[in-house]
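Engineer: Numbering (UniProt numbering), first residue to last: 1 to 255. We put the beta carbon where it would ideally sit given N, CA and C, even for glycine. All of these numbers come straight from a predicted model, not from anything done at the bench.
1. With distances taken from CA atoms, which of 84, 117, 196, 128 is nearest residue 101?
2. With a cut-off of 8 Å on the beta carbons, I'd call residue 168 and residue 110 a contact; round off their distance for me.
3. Ignore the nearest five residues each way along the sequence and tell me which others in residue 37's own chain have a CB closer than 8 Å to its CB.
4. Could you give the DSSP three-state label for residue 179: helix, strand or coil?
5. Grouping DSSP H, G and I as helix and E and B as strand, with all else coil, what is residue 224?
6. Taking the beta strand (DSSP E) that residue 68 falls in, what are its first and last residues?
7. What are the partner residues of residue 89, as DSSP defines its beta bridges?
8. Quick one: what's residue 132 bridged to in DSSP?
9. Under three-state DSSP, which class holds residue 41?
10. According to DSSP, is residue 26 helix, strand or coil?
11. In terms of alpha-carbon separation, which member of 32, 159, 130 lies closest to residue 123?
12. On the DSSP bridge list, what partners appear for residue 200?
13. Consult DSSP for residue 99 and reduce its assignment to one of helix, strand or coil.
14. Name the DSSP beta bridge partners of residue 36, please?
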């Protein structure tokens, strides 16, 4: 407690330690938020107590140089196609990326092989997709957003096609949030083949968007500590919340 005497101006700076262990990353979205703040109070005789609240952010940094995020990711899938219940060949796709972890601005180099033995012309596509998952009161809500996409050439009946280093750039976005039990941000590279009159063939290659800084979550929390320093003369400055983001469908048919 600091006693402020009449006629004098006082400034009291302080710092504090955040709890050890994982903390939920700060976020503010349409369907929920995780907020951190500090409050200061000024007690005055015979007058209402004056208070201020200052927000600060806690961010869990994900080091993409960890061995599991440096490992390659691959998948393959085959789909039987039919027309009026009559077998009409198959569509198969296999894909691989050299690693799982990426940073903003990185190019994801995709290697993929496609085979089309059905009677239709098919079209391969790829997209980086974000999934925001909210978990509360035993219920789950998942929202998806397409961040970037690329389209390959048409593959006619009885032919194959390959991608050798087809690139998709990671746009500016939020880091992956994987350790929070009420909110998750996850990313995937979807490799999709559109087949007329049939369901798409989709490969889901998981991604992690992180940082190369090597800082721990606690280091990030320590860095946010500087923004929590206050003075008693800052007592009536409001905070403005961020506007919620908008979301779109994953890989629309007319893309």
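Structural biologist: Answer, in terms of the structure:
1. 128
2. 7 Å
3. 53, 54, 55, 56
4. Look at residue 179 here: in three-state DSSP terms it is coil, with no helix or strand label.
5. Per-residue confidence for residue 224 stands at a pLDDT of 41, beneath the threshold of 50, marking its modelled position as unreliable; the derived number appears in the next sentence. Residue 224: helix per DSSP, three-state reduction.
6. Run containing residue 68: none in the beta strand (DSSP E); it sits in the alpha helix (DSSP H), 67-70.
7. DSSP lists no partner for residue 89.
8. 143, 185
9. Correct three-state label for residue 41: strand.
10. coil
11. 159
12. DSSP, once it has assigned bridges, lists no residue as partnering residue 200.
13. Looking at residue 99 - three-state DSSP - the assignment turns out to be coil, as it is neither helix nor strand.
14. DSSP output for residue 36 lists 56 as bridge partner(s).
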